[in-house]
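Residues are numbered in my numbering as their position in the sequence shown, beginning at 1, plus a constant of 153. In this text, a Cβ means the ideal position worked out from N, Cα and C, and glycines have one as well. One structure below.
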Amino acid sequence: MSRTDLSAEIRDFLSTRRARITPEQAGLPVYGGNRRVKGLRREEVAMLAGVSVDYYVRMERGGLAGASESVLGALADALRLDEAERTHLYALARESGARGTSRRRPAQSAVQPQIQQLLDAMTDAPAWVRNGRHDIVAMNQLARALYSPVLADPRRPANTTRFVYLQAEAAQDFFVDYDRVANDAAAMLRLEAGRNPHDKALIELVGELSTRSELFRRRWASHDVTFHRSGQKRLRHPVVGQLDLDFEGMELASSPGLHLNVYTAAAGTPAADALKLLASWAASQEQLPAETASAVAD
Numbered sequence: 154m155s156r157t158d159l160s161a162e163i164r165d166f167l168s169t170r171r172a173r174i175t176p177e178q179a180g181l182p183v184y185g186g187n188r189r190v191k192g193l194r195r196e197e198v199a200m201l202a203g204v205s206v207d208y209y210v211r212m213e214r215g216g217l218a219g220a221s222e223s224v225l226g227a228l229a230d231a232l233r234l235d236e237a238e239r240t241h242l243y244a245l246a247r248e249s250g251a252r253g254t255s256r257r258r259p260a261q262s263a264v265q266p267q268i269q270q271l272l273d274a275m276t277d278a279p280a281w282v283r284n285g286r287h288d289i290v291a292m293n294q295l296a297r298a299l300y301s302p303v304l305a306d307p308r309r310p311a312n313t314t315r316f317v318y319l320q321a322e323a324a325q326d327f328f329v330d331y332d333r334v335a336n337d338a339a340a341m342l343r344l345e346a347g348r349n350p351h352d353k354a355l356i357e358l359v360g361e362l363s364t365r366s367e368l369f370r371r372r373w374a375s376h377d378v379t380f381h382r383s384g385q386k387r388l389r390h391p392v393v394g395q396l397d398l399d400f401e402g403m404e405l406a407s408s409p410g411l412h413l414n415v416y417t418a419a420a421g422t423p424a425a426d427a428l429k430l431l432a433s434w435a436a437s438q439e440q441l442p443a444e445t446a447s448a449v450a451d
């Protein structure tokens, strides 16, 4: 990401955050009924954050370099940023203060053998590992069976966000809550771009999605960011039907940048029965599609 791109990223992120807050929500008086801006004015944000108007204008134009922790915290409070948005703001500030081109370890495309061993030991729950670009880097057998519609695309490594946006018809059949999934996918990718703005493969992925998907362009332009740690995933599998699953996501301590996702269902529920049926179906298949070019199905 160039300095120009970074300045634009900071400007668009801060301006979209202040545009969603009304003066009433911020507890500010409103004088007159004709406001030319959507949401808060710059001077109102500056007042709420306890900084001068000139300083806030410089920050919104990309000048986050040198901003103290207390100033960034006050700005986050003024804009009512959630945890993911605060993380993104601090990442942009760090990048703004970096000298030259920051170099971070490229996103991993494989797991250590002990991680694959861990996945394979989870025989009753679909479990898989992704990197920050949403490449699927490892799965257990049940996850390969569950995500067989995603793996149907021969391109490797399989990438869930590419599937969501570039295989939209299949993705809408697979993800019951497709609109939410699509929004989260773009927001998670935006968060990763703030953390690792010089990841060449990530830049290429965003460029491909922006070129080929109007929906992605709209979602990307919103500058929303989010974590994806836990919740419910509703899937419509072509073999066993709908599964309403609980998921937990966590970063692997031994492999920073890789995230483990595990899907479960409460005992006695239709989803638990469907998972058992899916496991039986997976065992009957001679070979399930692999997630990466080098992966070998169980």
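Exercise. So what does DSSP say about Y300, is it helix, strand or coil?
Worked result: Sequence index remark: in the sequence shown, residue 300 carries index 147 (1-based). Y300 falls in the coil class under three-state DSSP.
For this session: Could you tell me how far apart the beta carbons of R343 and W373 are, in whole angstroms, since I believe they sit closer than 8 Å?
Result: Here the question's residue 343 lines up with position 190 in the sequence shown. Here the question's residue 373 lines up with position 220 in the sequence shown. Indeed, because the Cβ distance is near 7 Å, the residues count as touching under 8 Å.
Exercise. DSSP three-state call for N336: helix, strand or coil?
Worked result: Working through the sequence shown from its first residue, we reach residue 336 at position 183. In this structure, N336 counts as helix in the three-state DSSP scheme.
Problem set entry | Inside the region 166-214 only - alpha helix (DSSP H) runs reaching at least 4 residues | 195-202, 206-213
Exercise. Where DSSP assigns a beta bridge to D399, which residues make up the other side?
Worked result: Taking the sequence shown and counting its residues from 1, one reaches residue 399 at position 246. Beta-bridge pairing links D399 to Q385, T417.
For this session: Under the assumption that F316 contacts V329 (Cβ atoms under 8 Å), give the Cβ distance between them as a whole number of angstroms.
Result: Counting from 1 along the sequence shown, the entry for residue 316 is found at position 163. Counting from 1 along the sequence shown, the entry for residue 329 is found at position 176. So it is not a contact: roughly 15 Å between Cβ atoms.
Problem set entry | Burial state of T175 (16 or more Cβ within 10 Å) | The residue you call residue 175 lines up with position 22 of the sequence shown. Answer is exposed; the Cβ neighbour count stays below 16.
For this session: Could you please give me the residues that DSSP links to R283 through a beta bridge?
Result: As a first step, residue 283 is located in the sequence shown; it is residue number 130 there, counting from the start. Note: R283 sits in a beta bridge opposite I289, H412.
Exercise. From T254 to M292, what distance separates their C-alpha atoms?
Worked result: Numbered from 1 along the sequence shown, position 101 holds the residue referred to as residue 254. Numbered from 1 along the sequence shown, position 139 holds the residue referred to as residue 292. Because T254 carries a pLDDT of 49, less than 50, the predicted location of this residue cannot be relied on, and the following value inherits that uncertainty. Near 34 Å, if we compare the C-alpha coordinates of M292 and T254.
For this session: Check whether the Cβ atoms of D337 and H376 lie closer than 9 Å to each other.
Result: The sequence position of residue 337 within the sequence shown is 184, counting from 1. The sequence position of residue 376 within the sequence shown is 223, counting from 1. Not closer than 9 Å, so no.
For this session: Look at N414 and V264 and say whether their C-beta atoms are less than 9 Å apart.
Result: Position 261 of the sequence shown holds residue 414. Position 111 of the sequence shown holds residue 264. No. Outside cutoff.
Problem set entry | CA-to-CA distance, S160 to P182, given in whole angstroms | For this step, residue 182 is matched to residue 29 along the sequence shown. For this step, residue 160 is matched to residue 7 along the sequence shown. If you take the alpha carbons of P182 and S160, they lie about 31 Å apart.
Problem set entry | Unbroken alpha helix (DSSP H) run spanning F380, endpoints | The residue you call residue 380 lines up with position 227 of the sequence shown. Taken as a continuous stretch (DSSP letters only), F380 belongs to no alpha helix (DSSP H), as it is neither H nor E.
Exercise. Just reading off the alpha helix (DSSP H) that F327 is part of, what are its end residues?
Worked result: Taking the sequence shown and counting its residues from 1, one reaches residue 327 at position 174. Start and end: 321-327.
Exercise. Out of curiosity, what's the CA-to-CA distance linking A323 and G250?
Worked result: Looking up residue 323 in the sequence shown gives position 170. Looking up residue 250 in the sequence shown gives position 97. Approximately 43 Å between the Cα atoms of the pair.
Problem set entry | Nearest to E439 (by Cα), restricted to the options A244, L428, A298, V206 | Walking along the sequence shown from the start, residue 439 turns up at place 286. Nearest of A244, L428, A298, V206 to E439, Cα basis: A298.
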